[in-house]
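Take 1 as the starting number for the sequence shown in UniProt numbering and just add one per residue. Every residue, glycine too, gets a C-beta built ideally from N, C-alpha and C. These numbers were taken from a predicted model, which means no experiment stands behind them. Quick notes on the structure that follows.
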Amino acid sequence: MYSLLTARQSTYPPPVSVAPVRATTNVQPSQPSYAAQPAKLNLTIQFDHDKSHVKPAFQQDVAKVANFLKQHPNTSATIEGHTDSTGAASYNQKLSERRAKAVKHLLVNNHGIENSRLSTIGYGESRPVATNNTKAGRYENRRVVVVSQ
């Protein structure tokens with residue numbers, strides 16, 4: 001019924017000779033097949049209390065925005081103005097709009113960015129990033145944020 005195989009007996013076929021395989025020397029890794037992601041910019045410029053003038057300390061940041069937009073000619077940007085909560089909400093709304101327009105003015109007139117690539121919006125005191133209970137927090141809230149699209 002059952003038989004035992006001896007060491008000489010085998011159920012495997014005889015070995016087959018195969019030609020050696022040469023290694024390919026210029027194998028390139030496969031490239032990802034996703035679309036290129038658009039470049040993004042998110043920059044904040046701070047303002048003094050009740051002011052919409054861009055301080056000299058932030059002129060270089062405005063230049064960075066301009067350079068970014070020049071390097072990415074198909075990119076537009078939204079310039080968002082913000083304030084702290086000191087004063088009337090209606091006044092702060094207008095102040096935030098003036099701040100955004102001041103940055104846009106510099107980008108267009110001093111750096112040659114096309115007006116059509118920039119939009120402005122004022123949020124007033126409605127989007128604080130810090131507490132309005134401290135001087136430092138209020139300073140952080142008095143800002144313009146430039147966001148590329």
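Helix, strand or coil at residue i [DSSP, three-state]
i	result
V108	helix
G122	strand
S148	strand
G137	helix
Q71	helix
E114	coil
R142	coil
T24	Only weak support exists for where T24 lies, its pLDDT of 44 falling under 50; the value from the coordinates is given anyway. In this structure, T24 counts as coil in the three-state DSSP scheme.
Closest Cα partner of residue i within the set the options
i	options	result
S116	S90, K104, R127	K104
R143	T134, V129, K135	V129
D48	V147, N42, G137, H111	G137
D50	Y91, Q71, V147	Y91
R127	T134, Q93, K135, H72	Q93
N141	L95, A57, E114, V108	L95
H111	N132, A66, T44, K135	A66
Run of the beta strand (DSSP E) containing residue i, from where it starts to where it stops
i	result
V54	Note, V54: premise wrong, no beta strand (DSSP E); not H, not E.
T78	77–81
Supposed contact pair residue j and residue i - C-beta distance, whole angstroms, cut 8 Å
i	j	result
V62	L106	5 Å
N42	V145	7 Å
S148	K70	Incorrect: roughly 12 Å between the Cβ atoms, too far for contact.
Unbroken alpha helix (DSSP H) run spanning residue i, endpoints
i	result
L41	It is not in any alpha helix (DSSP H) - L41 carries neither H nor E in the DSSP assignment.
Exercise. Indicate whether the contact test is met: 3 or more Cβ pairs, each with one atom in the segment 75–89 and one in the segment 98–112, closer than 8 Å.
Key: Judged by Cβ distances under 8 Å, the segment 75–89 makes contact with the segment 98–112, as three or more pairs qualify.
Quiz prompt | Three CB pairs or more closer than 8 Å across the segment 81–90 and the segment 113–127 | solution = Verdict: yes, contact present.
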